[in-house]
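Asker:
Residue numbers (our numbering): 2 to 108.
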């Protein structure tokens, strides 16, 4: 199967999801550069990475399903892993920063 044989029902949603995922990741990266303090800088990249990679992986799942002519769900596990771990990692980093700031202010 070549790229030209990809059905239209899979091409359009996958293209929209890929562009959306790229834009969300770009917006998160710009937010990381523009914001000043650590706590503000944690939110945009976390949301951008979570939503952006989720969109890209769902697009990949649609394309793989169209090419193989059977449901491909193992990429859904990757999506769930990214969606769960990225916010948890950000929360733990912010908690560590809060403890550090609290210890610094008590000295």
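Ideal Cβ positions, reconstructed from N, Cα and C, are used throughout, including at glycine.
(1) Using only alpha-carbon positions, find the residue among 46, 96, 15, 92 that is nearest to residue 31.
(2) Determine the DSSP secondary structure at residue 81, reduced to helix, strand or coil.
(3) Which residues in the same chain have their Cβ closer than 8 Å to the Cβ of residue 74, if we skip the five residues on either side of it in sequence?
(4) For residue 57, which three-state DSSP category applies?
(5) Is there contact between the stretch 88-107 and the stretch 16-32, where contact requires at least three CB pairs shorter than 8 Å?
Answerer: Based on what the coordinates show:
(1) 46
(2) helix
(3) 62
(4) helix
(5) no
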